[in-house]
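Take any residue in the sequence shown, count from 1 to its spot, add 1313: that is its number in the working numbering. Each residue gets a CB set at the ideal place from its N, CA and C atoms; glycine is no exception. None of these values were measured; they are calculated from a predicted model. Comments concern the structure below.
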Amino acid sequence: MATPASNRALPAIQVDPTNKPYFDAAREGRLLIGLCKDTNKHFWYPRGCSPFTLSNNVELVEARGTGTIYTYTVMRTKEPYCVAYVELDEGVRVFTNIVDCDLDSLKIGQKVKVVFKPTQGDAPPATMFTPV
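Pasting the structure below:
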């Protein structure tokens, strides 16, 4: 029997000056990740300081928005949902939800793409992934 992902209500995301560029891009359907300009390595979550060098020589760059499921678990609650680590094609791993699919058909290594799901109020959308 299939277990469809539920469309549960998502709480509003709090925007502040440090995450506003990320969520502005999300509203436009674009996924941003961090890039350390000292090492040329990507990182997640986007922030103003490199996790590699602690330098502020970083920038936000647009990711392709595609990757693979690195690991996941299905939460079999009243409204089933899936939490997962997705490894983006750029090499960083994102903790996220897998949505809009049969949760019983998910596999490690499965290709996924980013989707942005509405949250409550006028808040920016949440970053999630769905199978390709």
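Strand pairing of residue i, partner residues [DSSP]
i	result
D1415	P1317
A1439	K1430
P1324	Paired residues: none, contrary to the question.
V1425	G1380 and P1444
Chain-order list of residues whose beta-carbon lies under 7 Å from that of residue i (same chain, five-residue window excluded)
i	result
T1409	A1397, V1399, T1440, M1441 and F1442
D1402	R1377, T1379 and G1380
D1415	A1315, T1316 and P1317
Presumed contact (8 Å Cβ cut-off) between residue i and residue j, rounded CB distance
i	j	result
K1424	V1412	Incorrect: roughly 15 Å between the Cβ atoms, too far for contact.
P1393	T1316	5 Å
L1345	V1374	7 Å
A1339	Q1433	Contact doesn't hold; Cβ gap of about 15 Å is too wide.
Cutoff 6 Å; reference residue i; Cβ partners in own chain excluding five residues on either side
i	result
S1363	C1349 and V1371
S1368	D1351
Proximal residues to residue i (C-beta, below 8 Å), its chain only, five neighbours per side dropped
i	result
R1321	E1392 and Y1394
R1389	T1316
R1406	W1357, Y1383, Y1398, V1399 and E1400
R1360	T1331, G1347 and V1371
T1352	S1363, F1365 and T1366
Every unbroken beta strand (DSSP E) inside the segment 1326–1407 [3 residues or more]: 1345–1349, 1354–1356, 1371–1375, 1379–1388 and 1394–1401
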